[in-house]
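Throughout, the numbering used here is defined as the position within the sequence shown, counted from one, plus 7.
No residue lacks a Cβ here, since even glycine has one placed at the ideal position from N, Cα and C.
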Amino acid sequence: MQGSDTHFMQLAIEQAHLSPPVGTAYCVGAVAVDHEGRVIATGFSREHPGNTHAEEVVLRKLGVFVGTGDGRLGGMGITVYTTMEPCGQRLSARLPCAERLSKANVSRVVVGAREPSLFIKDCIGTDHLRAHGITVDYLVGLEEAALAPNAHLFAK
Numbered sequence: 008m009q010g011s012d013t014h015f016m017q018l019a020i021e022q023a024h025l026s027p028p029v030g031t032a033y034c035v036g037a038v039a040v041d042h043e044g045r046v047i048a049t050g051f052s053r054e055h056p057g058n059t060h061a062e063e064v065v066l067r068k069l070g071v072f073v074g075t076g077d078g079r080l081g082g083m084g085i086t087v088y089t090t091m092e093p094c095g096q097r098l099s100a101r102l103p104c105a106e107r108l109s110k111a112n113v114s115r116v117v118v119g120a121r122e123p124s125l126f127i128k129d130c131i132g133t134d135h136l137r138a139h140g141i142t143v144d145y146l147v148g149l150e151e152a153a154l155a156p157n158a159h160l161f162a163k
């Protein structure tokens, strides 16, 4: 699966570069792929109005509005590729992406890089996903490219 994982992560990285840079949030890209290997949704941070995260945008595009009970993805074999570890908590008090993904019942999440501790000291997104039975794989070798859209946050 490594070759196709790399391909889909590169698509997620392209999405992350579309995210408008701000000083208070990361630029993240996400891609949802069905069990047959077809891209079924893409998204990036702040693509929709408000402080929307990439994973949240992807789920919305798939008709999943977590919290309303609409559109669970259970049994569909959906994999979400995200350039950064899904957030386990949000400073805005909105529902964290890890919780959104688990409530939507995605099958697998492939991550490009761990969330840096710039805004939240210890991200617990991966722990949350695994505790809810979701397979989480980190794609080794693309960490630098996955974090590149956030260079503005780390430039001194």
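| Item | Value |
| --- | --- |
| Tell me the residue span of the beta strand (DSSP E) that contains R115. | 115 to 118 |
| With distances taken Cα to Cα, identify the nearest neighbour of V118 among P103, L125, V87, D129. | V87 |
| Sorted by chain position, which residues of the same chain lie with C-beta nearer than 7 Å to G76's C-beta, five sequence neighbours on each side aside? | Note that G76 scores 47 on pLDDT, short of 50, meaning its location in the model is unreliable; the coordinates nonetheless yield the value given after this. No residues qualify anywhere along the chain. |
| Reducing DSSP to helix, strand and coil, say where G10 ends up. | helix |
| Among R137, G132, N58, R67, which residue has its Cα nearest to the Cα of A48? | R67 |
| Using three-state DSSP, classify D144 as helix, strand or coil. | strand |
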